[in-house]
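Asker: Please find one structure pasted underneath; my questions will follow.
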Amino acid sequence: AFYRFRNWMVGRLLSPGENNGRATDDVVDVEKRDLSRPPYRIVVSNNSSTDARRNISFEEHAAALRRKLGKKYELDIRRVELSDMSVADQVKLAAGASMLVTAAGGGASIGHF
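Quick note on the numbering used here: the sequence shown kicks off at 256 and runs consecutively.
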């Protein structure tokens, strides 16, 4: 039931005309990405809070992931600042990710997609 709801929400959020048809390099076509096959996309949200006290960099975590898993798995690690992205781009990015690394908070809700 939740997966059907997720698909319904993605369909509504990403309806034609959303974001004027533009997409950033970090955004993927949700319908064409098979998350069960390499490369495994890991999205690392750096300094994405609008509250400076909550800005956290996960650069060391991204480097550790690449060091520990990069030889065994084909990884596509993307570093983004979610606060600079539209909601539609955030949803597309999360929907195309195998893993999302971000601080807990309201912005982490995109992980549902």
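By construction, the Cβ of each residue, glycine as well, lies at the ideal position given by its N, Cα and C atoms.
Can you give me the Cβ contacts of Arg321 inside the same chain, cut-off strictly under 7 Å, excluding the 5 residues immediately before and after it?
Answerer: Locating residue 321 in the sequence shown gives position 66, counting from the first residue. Closer than 7 Å at the Cβ level, and outside the excluded window around Arg321, lie Leu330 and Ile332.
Asker: Can you give the Cα-Cα distance for Ala352 and Asp289, rounded to whole angstroms?
Answerer: Start at 1 with the first residue of the sequence shown, and residue 352 comes out as number 97. Start at 1 with the first residue of the sequence shown, and residue 289 comes out as number 34. Answer to the nearest angstrom: the Cα atoms are 10 Å apart.
Asker: In this structure, how does DSSP classify Arg334 when only helix, strand and coil are distinguished?
Answerer: Position 79 of the sequence shown, counting from 1, holds the residue named residue 334. In this structure, Arg334 counts as strand in the three-state DSSP scheme.
Asker: Starting from Arg259, trace the alpha helix (DSSP H) in both directions and tell me its first and last residue.
Answerer: Counted from its first residue, the sequence shown places residue 259 at position 4. Looking at the DSSP string, the run of the alpha helix (DSSP H) that includes Arg259 is Phe257 to Leu268.
Asker: Report the rounded CA-to-CA distance for Asp339 versus Lys327, giving the unit in angstroms.
Answerer: For the purposes of this step, residue 339 is taken as residue 84 along the sequence shown, with counting starting at 1. For the purposes of this step, residue 327 is taken as residue 72 along the sequence shown, with counting starting at 1. The alpha-carbon atoms of Asp339 and Lys327 are separated by roughly 32 Å.
Asker: Given a threshold of 16 other Cβ atoms within 10 Å of its Cβ, counted over all protein chains shown, does Ala359 qualify as buried or as exposed?
Answerer: Stepping through the sequence shown from its first residue, residue 359 is reached at position 104. Counting Cβ neighbours within 10 Å, Ala359 comes out exposed, since fewer than 16 surround it.
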